[in-house]
Amino acid sequence: MPLVPAPFITRTPRAARRRTFLSQSGCGLLAALGATRFADAAAPVAHVEERPDLATHFKEAGVRGTWVVLDSATAKLTVVDRRRADKLYSPASTFKIPNSLIALETGAVKDIDEILPYGGGTYKRKEWERDMNLRDAIRVSHLPIYRGVARRIGLARMNEWIAKLHYGNETLGTEVDQFWVNDKLQISAAEQVRFLMRLAQRSLPMSMRAQDMVHEITRLEKTPTHALHGKTGWYESPGFSLGWWVGWVAQANGSVQSFALNIDMHGEADVAKRIPLGRKLLAQMNVLAA
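Quick note on my numbering: the sequence shown kicks off at 1260 and runs consecutively.
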């Protein structure tokens, strides 16, 4: 039977806790999984497995990065580049996952079919130049619409929910429509898989309705054996570019593997490497078919 996190339990305030998710071993790692208990008291102790063999895929792609997978059935964390897996980065467009959750939970957006305004203007990405619902907006990573969604939520409610979700460093700054792309909010790959596992198993401190709808809009494929959910992200600052692909695979047998990839990117060619690289890693781990 897959391990399922118990309901949300309040953690120590962020200023008083150490951010050492992967540096903890044994039972400490279980505590780090969002400070939740696992429902199955007989569950094996979580452990971290480093997989240097998986690093060959990064070399073949010509990129540097990290890879983290959390398995619900074993509570095992599989890691490429353990140090980097704990390093904080801007979530970029992967934040569209919690942004959607919070918008739906607070009623800032009625449902995933409500048509949302993009606000006018011209963009490099021409698909952004129209109004659309969350189903389509997350698929094309529509930044103007999601900035508008964040403004609807408001800074006070956003701060409240980011704290409830224990998302990353829980720091937003003063600009409600900028914090996930301006380095105020940061999250590590190890923290991404923790958050996504809770969403995958619908154990976040939110309604089932909101979580179900976000499951629906993040689903990339569904087969008789699995459902794949995911979201890319691309962060750029002067002299630095980072790519994300995060998500989870829900298996037909009930187990879940949440994953997070981030890579350094040095041009447009690297942008297209994120999902194929992640799929190769999932295939080598027998999470997805090759």
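Virtual Cβ for every residue (Gly too), placed ideally from N, Cα, C.
In this structure, how does DSSP classify VAL1530 when only helix, strand and coil are distinguished? Sequence index remark: in the sequence shown, residue 1530 carries index 271 (1-based). Reduced to three states, the DSSP call for VAL1530 is helix.
Please determine, among THR1433, ASP1330 and TYR1494, the residue with the shortest C-alpha to C-alpha distance to ASN1545. Within the sequence shown, numbered from 1, the residue matching residue 1545 stands at position 286. Nearest of THR1433, ASP1330 and TYR1494 to ASN1545, Cα basis: ASP1330.
Start-to-end residues for the alpha helix (DSSP H) that takes in GLN1437: Along the sequence shown, read from residue 1 onward, the residue named residue 1437 stands at position 178. For GLN1437, there is no enclosing alpha helix (DSSP H), as DSSP gives it neither H nor E.
Taking only three categories from DSSP, how would you classify THR1430? Mapped onto the sequence shown, residue 1430 falls at position 171. In this structure, THR1430 counts as coil in the three-state DSSP scheme.
For THR1491, which option in ALA1448, GLN1470, GLY1432 and GLY1513 has the closest C-alpha, if you only look at C-alpha atoms? Your numbering for residue 1491 matches position 232 in the sequence shown. The option with the nearest alpha carbon to THR1491 is ALA1448.
Which whole runs of the beta strand (DSSP E) in the stretch 1444-1506 are 3 residues long or more, in chain order? Whole beta strand (DSSP E) segments, 3+ residues: 1478-1481 and 1485-1496.
Sub-8 angstroms separation of VAL1440 and MET1417 beta-carbons: By one-based count along the sequence shown, residue 1440 stands at place 181. By one-based count along the sequence shown, residue 1417 stands at place 158. Result no, Cβ atoms of VAL1440 and MET1417 do not sit closer than 8 angstroms.
Taking DSSP's pairing of strands, which residues face ALA1519 in a bridge? Here residue 1519 is taken as the residue at index 260 of the sequence shown, counted from 1. Per DSSP, the beta-bridge partners of ALA1519 are VAL1327 and VAL1505.
Buried/exposed call for TYR1382, threshold 16 Cβ in 10 Å: Residue mapping note: residue 1382 aligns to position 123 of the sequence shown, counting from 1. Burial state of TYR1382 is exposed, judged by a 10 Å Cβ sphere holding fewer than 16 other Cβ atoms.
Please report how far the alpha carbon of SER1284 lies from the alpha carbon of GLU1419, in whole angstroms. What you label residue 1284 is simply residue 25 of the sequence shown in a count that begins at 1. What you label residue 1419 is simply residue 160 of the sequence shown in a count that begins at 1. With a pLDDT of 39 at SER1284, under the threshold of 50, the modelled position of that residue is not reliable, and no figure is offered here.
Reduced DSSP secondary structure (H/G/I, E/B, other) of MET1417: As a working mapping, residue 1417 is identified with position 158 in the sequence shown. DSSP, reduced to helix, strand and coil, places MET1417 within a helical segment of the structure shown.
Could you name each continuous alpha helix (DSSP H) segment of 4 residues or more that falls completely within the stretch 1351-1426, going from the start of the chain to the end? Taking 4 residues as the minimum length, the alpha helix (DSSP H) runs contained wholly in the stretch 1351-1426 are 1355-1365, 1393-1398, 1402-1412 and 1414-1424, in order along the chain.
Taking C-beta to C-beta, are LEU1520 and TRP1504 nearer than 8 angstroms? For the purposes of this step, residue 1520 is taken as residue 261 along the sequence shown, with counting starting at 1. For the purposes of this step, residue 1504 is taken as residue 245 along the sequence shown, with counting starting at 1. Taking C-beta atoms as the reference points, LEU1520 and TRP1504 count as a pair closer than 8 angstroms.
Below 8 angstroms on the Cβ atoms is my contact criterion, and I expect LEU1455 with TRP1507 to pass it. Report the Cβ-Cβ distance as a whole number of Å. By one-based count along the sequence shown, residue 1455 stands at place 196. By one-based count along the sequence shown, residue 1507 stands at place 248. Distance from LEU1455 to TRP1507 at the Cβ level is roughly 5 angstroms; contact confirmed, criterion being Cβ atoms closer than 8 angstroms.
If you count every other CB in all the chains shown that lies within 10 Å of the CB of GLY1324, and 16 or more means buried, which is it? Indexing the sequence shown from 1 puts residue 1324 at position 65. Buried, by the Cβ-count rule.
Nearest candidate by alpha-carbon position, reference ARG1533, set GLU1319, ARG1310, HIS1306 and ASP1312: The residue labelled residue 1533 in the question sits at position 274 within the sequence shown. Residue nearest to ARG1533 within the set GLU1319, ARG1310, HIS1306 and ASP1312 is GLU1319 (criterion: CA-CA distance).
How is the beta strand (DSSP E) around THR1602 delimited, first residue to last? The question about residue 1602 has no answer, for the chain in this structure spans 1260 to 1549.
Cβ neighbours of GLU1364 in the same chain (closer than 8 angstroms, five flanking residues each side left out): For the purposes of this step, residue 1364 is taken as the residue at position 105 of the sequence shown. Excluding five sequence positions before and after GLU1364, the CB atoms of its chain that fall closer than 8 angstroms to its own CB belong to TRP1420, MET1465, SER1466 and ALA1469, given in chain order.
ASP1369, buried or exposed, once every other Cβ within 10 Å from all chains shown has been counted against 16: Your numbering for residue 1369 matches position 110 in the sequence shown. The amino acid occupying residue 1369 in the given sequence is Lys; Asp does not appear at that position. Exposed is the call here.
Residue burial classification, ASP1529 (beta-carbon count within 10 angstroms, cutoff 16): Numbered from its first residue, the sequence shown carries residue 1529 at position 270. By the 16-neighbour rule on beta-carbons within 10 angstroms, ASP1529 is buried.
How far does the beta strand (DSSP E) with VAL1307 in it reach, from first residue to last? Counting from 1 along the sequence shown, the entry for residue 1307 is found at position 48. VAL1307 -> beta strand (DSSP E) spans 1307-1309.
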